[in-house]
Amino acid sequence: MPFTTSKDGTRIYYEVIGSGEPLVLIQGFSWDLTTWHFQWELAYKFRLVLLDNRSVGLSDKPVDSYSMDR
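Residue numbers (numbering that gives the first Met the number 0): 0 to 69.
1) Could you spell out the range, first to last residue, of the beta strand (DSSP E) harbouring Tyr13?
2) If distances are taken between C-alpha atoms only, which option among Leu32, Asp63 and Leu47 comes closest to Glu20?
3) With the cut-off set at 8 Å, would you say Arg10 and Ser54 are in Cβ contact?
4) Could you give the distance in angstroms between the alpha-carbon of Thr4 and the alpha-carbon of Trp39?
5) Excluding the 5 residues flanking Thr33 on each side, which residues of the same chain have their C-beta closer than 8 Å to its C-beta?
Structure, rendered in structure tokens:
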């Protein structure tokens with residue numbers, strides 16, 4: 000499974016589908032990447048980069064508090 004690590008050490012899960020120019024889709028604060036399933040047809044034209052926010056889906060759930068800026 001693909002993960003990237005943020006500056007504070009939190010592992011963030013992501014998926015890349017499609018081809019073409021990259022288009023990053025970031026869901027609202029408490030949603031995971033599966034909520035983009037209605038947009039997946041964009042993968043015919045773009046390389047979609049989808050991610051799970053912190054504490055959501057397959058991304059780490061930090062014990063310490065964190066802000067929207069993070």
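Note that the Cβ used here is the ideal one computed from N, Cα and C, for glycine as well. Since the model is a prediction, treat every value here as computed from it, not as a measurement.
If we stick to the structure as given:
1) Its beta strand (DSSP E) spans residues Arg10 to Gly17.
2) It is Leu47.
3) It is not a contact, given that the beta carbons lie outside the stated cut-off.
4) For Thr4 and Trp39, the distance between alpha carbons rounds to 25 Å.
5) Counting only Cβ-Cβ distances below 8 Å, and skipping sequence neighbours, we find Gly56.
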